[in-house]
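Novice: Can you read through this structure? Questions will come right after.
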Amino acid sequence: MENERLLMLPGPVPVPERVRQAMMRQAINHRGPEFGTAYAECVGVLKECFGTKNEVYIISGSGTAGMEAAVANFGRGKKIASMVNGKFGERLRDIGQRYGDATAVDSAWGTPLDLEALAAALEDGAEMVTMVHNETSAGILNPAKEVGKLARKHDALFVMDGVTSVGGDEVLVDDWNVDVAIVGSQKCLAAPAGLAAVAVSERAWEQIVDDRPYYLDLAAYRKSGRKSPMETPYTPAVPLFLALAEATAIIREEGMAARIARHRKMSAAVRAAVSAWGLSMFPQIDAVSAYSNTVTAVKMPDGVADSALRGTVKRLGIEIAGGQDHLKGRIFRIGSMGAVGAPEILATLAAVQYALKKAGVPGVTCGLGAAAEVLDA
Ligand SMILES: *Cc1c(COP(=O)(O)O)cnc(C)c1O
649 MENERLLMLP
659 GPVPVPERVR
669 QAMMRQAINH
679 RGPEFGTAYA
689 ECVGVLKECF
699 GTKNEVYIIS
709 GSGTAGMEAA
719 VANFGRGKKI
729 ASMVNGKFGE
739 RLRDIGQRYG
749 DATAVDSAWG
759 TPLDLEALAA
769 ALEDGAEMVT
779 MVHNETSAGI
789 LNPAKEVGKL
799 ARKHDALFVM
809 DGVTSVGGDE
819 VLVDDWNVDV
829 AIVGSQKCLA
839 APAGLAAVAV
849 SERAWEQIVD
859 DRPYYLDLAA
869 YRKSGRKSPM
879 ETPYTPAVPL
889 FLALAEATAI
899 IREEGMAARI
909 ARHRKMSAAV
919 RAAVSAWGLS
929 MFPQIDAVSA
939 YSNTVTAVKM
949 PDGVADSALR
959 GTVKRLGIEI
969 AGGQDHLKGR
979 IFRIGSMGAV
989 GAPEILATLA
999 AVQYALKKAG
1009 VPGVTCGLGA
1019 AAEVLDA
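Letter 28 of the sequence shown, counting from 1, is numbered 676 in this note's numbering, and no numbers are missing.
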């Protein structure tokens, strides 16, 4: 076995060999048919992942570049309602405040979004709504369809961060009235970090602002993207595009329906083990359907230090995530996104179970059987 660590993080995730190999070749011209074909192939599969017929552009930059592009091109100067129930909702709020007049529609991290307050903000004239579909910091899946319906009813643009749902869970940009959706390469797509893709609706294009950023000017991306062969406005991270083309080829081969089913099964297996261990999930929700299908957030048992739990798991060669900001030490998170299957899930759960026992958590029974039953189903 190669001596490499198993990253069970909510990004970056392990990158399949084929995808890594795609980055190793000699440089190619980014204004030529080979690059254009790779770009077009990525976009073809990403449209399916997004559930959209809208045009999709790829930016050289991490997911946050896509978030900033969305808000800066379509929200500058607008009144924005920023739905917040975790770290990434806050990030979209902060970007909204940088470019427009954003007000948070706040809920505690890991609790359901406040749709009544959103309705009130829309009545009050909000022209854009931002929301994180899968709030990675809290392991909660937010109701995109309902938020999209409200936004459309009030004719507001709907910007959705799909960074940890697109390519792993069901996303239906067109059906949900999403005007700008964003994904990052290092999450469910199982590609290397460094690319963001954005899907933009016709309604959004009609509202593109004049004072756009330069590097993240999506009108420039659209113009270059419509060339044949497809191009980007400036020199892109070509090796990452080639890797993403291979990662999207894997998605095409697996099929989105099978990929979504696999992600759902992996996260259900993690939840089954958590429940067998007698631990609590972090999200405070009414319906199981609001648990993230790509990352599981678990309350840290009383008296267990984050360093002890994750340190033990790490010594076994596996990395899981801790909590962010005020949740540091209060939760741990197990990513199950990208290419992971039963072997990675069972190895991770075995390591976490061992760490819990070692930390002296009382009453931890074996959760592997419960997980295996889910994986077998
Ligand atoms: C990872 C992540 C992002 C983007 O983060 P980058 O570090 O810029 O790639 C955005 N939103 C969510 C929900 C994420 O999980």
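Virtual Cβ for every residue (Gly too), placed ideally from N, Cα, C.
Here the structure is a predicted model, which is why all the values come from computation and not from measurement.
(1) What residue range is occupied by the uninterrupted alpha helix (DSSP H) comprising Leu1016?
(2) Can the beta-carbon of Asp749 be found less than 7 Å from the beta-carbon of Val732?
(3) When the Cα of Ala768 is compared with those of Asp742, His802 and Ser915, which residue comes out closest?
(4) Measure the beta-carbon distance from Gly659 to Lys947 and round it to whole angstroms, keeping in mind my assumption that it falls under 8 Å.
(5) Could you tell me the boundaries of the beta strand (DSSP E) in which Val946 lies?
(6) Check this for me: beta carbons of Leu740 and Met715, under 7 Å apart or not?
(7) Taking the alpha-carbon positions, what's the Ala885 to Pro991 distance?
(8) Out of Ser876, Thr880 and Arg860, which one is the CA nearest neighbour of Tyr869?
(9) What residue range does the alpha helix (DSSP H) around Ala736 cover?
(10) Among Leu888, Glu682 and Ala804, which residue has its Cα nearest to the Cα of Ser594?
(11) Using a Cβ-Cβ cut-off of 8 Å (strictly less than) and excluding sequence neighbours within five positions of Thr1013, which residues of its own chain qualify?
(12) Could you tell me whether the Cβ atoms of Val1022 and Ala938 are closer together than 7 Å?
(13) Tell me the residue span of the beta strand (DSSP E) that contains Leu798.
(14) Give a yes or no on contact between the stretch 673–689 and the stretch 980–997, applying the rule of three or more CB pairs nearer than 8 Å.
(15) Indicate the three-state DSSP secondary structure (helix, strand or coil) for Tyr1002 in the structure shown.
(16) For Lys1026, I'd like the list of residues in its chain whose CB is within less than 6 Å of its CB, leaving aside the five on either flank, ordered along the chain.
(17) Just reading off the beta strand (DSSP E) that Leu843 is part of, what are its end residues?
(18) Over what stretch of residues does the alpha helix (DSSP H) that includes Val663 continue unbroken?
(19) Report back the beta-carbon spacing between Met854 and Arg653 to the nearest angstrom; my notes put them in contact at under 8 Å.
(20) With DSSP as the reference, label Glu783 as helix, strand or coil.
(21) Enumerated in chain order, which unbroken segments of the alpha helix (DSSP H) with a length of 4 residues or greater are wholly contained in the stretch 934–999?
(22) Between Gly816 and Thr944, is the Cβ-Cβ spacing less than 7 Å?
(23) Going by C-alpha distance, which of Tyr687, Arg874 and Ile856 is nearest Ala893?
(24) If Arg851 and Asp827 are in contact, beta carbons under 8 Å, what's the gap, nearest whole angstrom?
(25) Looking only at C-alpha atoms, which of Arg668, Leu655 and Met656 sits nearest to Ala891?
(26) For Ser730, list the residues DSSP reports as bridge partners.
(27) Between Met671 and Lys976, what straight-line distance do the alpha-carbon atoms span, to the nearest angstrom?
(28) Hey, how far is the Cα of Pro949 from the Cα of His781?
(29) Since Gly711 and Val846 are thought to touch, with beta carbons under 8 Å apart, how far apart are those beta carbons, to the nearest angstrom?
Specialist: Based on what the coordinates show:
(1) What you label residue 1016 is simply residue 368 of the sequence shown in a count that begins at 1. Element bounds for Leu1016: Leu1016 to Asp1024.
(2) As a first step, residue 749 is located in the sequence shown; it is residue number 101 there, counting from the start. As a first step, residue 732 is located in the sequence shown; it is residue number 84 there, counting from the start. Not closer than 7 Å, so no.
(3) To locate residue 768, count along the sequence shown from 1; it is residue 120. Of the listed residues, the one whose Cα sits closest to Ala768 is His802.
(4) Numbered from its first residue, the sequence shown carries residue 659 at position 11. Numbered from its first residue, the sequence shown carries residue 947 at position 299. With a Cβ gap of about 22 Å, Gly659 and Lys947 do not count as contacting.
(5) Position 298 of the sequence shown, counted from the first residue, corresponds to residue 946. Residues Val943 to Lys947.
(6) Along the sequence shown, read from residue 1 onward, the residue named residue 740 stands at position 92. Along the sequence shown, read from residue 1 onward, the residue named residue 715 stands at position 67. Against a cut-off of 7 Å, the Cβ pair of Met715 and Leu740 comes out as a contact.
(7) Reading the sequence shown from its first residue, position 237 is the one you call residue 885. Reading the sequence shown from its first residue, position 343 is the one you call residue 991. Cα to Cα, Ala885 sits roughly 32 Å from Pro991.
(8) For the purposes of this step, residue 869 is identified with residue 221 of the sequence shown, where counting begins at 1. Selected option, being the one with the closest Cα: Thr880.
(9) By 1-based counting over the sequence shown, the position of residue 736 is 88. Before going on, a small fix: residue 736 reads as Phe here, not Ala. Here the alpha helix (DSSP H) through Phe736 covers Lys735 to Tyr747.
(10) The structure shown does not extend to residue 594, since the chain spans only 649 to 1025, so no value can be given for it.
(11) Your numbering for residue 1013 matches position 365 in the sequence shown. Ala924, Trp925 and Gly926, listed in sequence order.
(12) Numbered from its first residue, the sequence shown carries residue 1022 at position 374. Numbered from its first residue, the sequence shown carries residue 938 at position 290. Cβ atoms of Val1022 and Ala938: not closer than 7 Å.
(13) Looking up residue 798 in the sequence shown gives position 150. Secondary structure note for Leu798: it is in no beta strand (DSSP E), and the uninterrupted alpha helix (DSSP H) holding it is Ala792 to Lys801.
(14) no
(15) Here residue 1002 is taken as the residue at index 354 of the sequence shown, counted from 1. Residue state, collapsed to three classes: helix.
(16) The first residue shown for the chain is 649 and the last is 1025, placing residue 1026 beyond what the model contains.
(17) By one-based count along the sequence shown, residue 843 stands at place 195. Per DSSP, Leu843 belongs to the beta strand (DSSP E) from Leu843 to Val848.
(18) Taking the sequence shown and counting its residues from 1, the one referred to as residue 663 is at position 15. Val663 -> no alpha helix (DSSP H), and no H or E assigned at all.
(19) Reading the sequence shown from its first residue, position 206 is the one you call residue 854. Reading the sequence shown from its first residue, position 5 is the one you call residue 653. The sequence shown places Glu at residue 854, not Met. At roughly 47 Å, the Cβ-Cβ gap does not stay under 8 Å, so Glu854 and Arg653 are not in contact.
(20) To locate residue 783, count along the sequence shown from 1; it is residue 135. DSSP places Glu783 in strand when its eight states are reduced to three.
(21) 954–963
(22) Counting from one through the sequence shown, the residue named residue 816 turns up at place 168. Counting from one through the sequence shown, the residue named residue 944 turns up at place 296. No, Cβ-Cβ distance for Gly816 and Thr944 is not below 7 Å.
(23) The sequence position of residue 893 within the sequence shown is 245, counting from 1. Comparing Cα positions, the closest option is Tyr687.
(24) Start at 1 with the first residue of the sequence shown, and residue 851 comes out as number 203. Start at 1 with the first residue of the sequence shown, and residue 827 comes out as number 179. Contact flag correct, Cβ pair sits at about 5 Å.
(25) Taking the sequence shown and counting its residues from 1, the one referred to as residue 891 is at position 243. Closest option to Ala891, Cα to Cα, is Arg668.
(26) Position 82 of the sequence shown, counted from the start, is the residue given in the question as residue 730. Per DSSP, Ala752 and Thr778.
(27) Sequence index remark: in the sequence shown, residue 671 carries index 23 (1-based). Sequence index remark: in the sequence shown, residue 976 carries index 328 (1-based). Between Met671 and Lys976, the C-alpha separation is close to 35 Å.
(28) As a position in the sequence shown, residue 949 is number 301, starting the count at 1. As a position in the sequence shown, residue 781 is number 133, starting the count at 1. Rounded to the nearest angstrom, the two C-alpha atoms are 27 Å apart.
(29) Indexing the sequence shown from 1 puts residue 711 at position 63. Indexing the sequence shown from 1 puts residue 846 at position 198. Between Gly711 and Val846 a beta carbon distance of about 10 Å is seen, past the 8 Å cut, so the two are scored as non-contacting.
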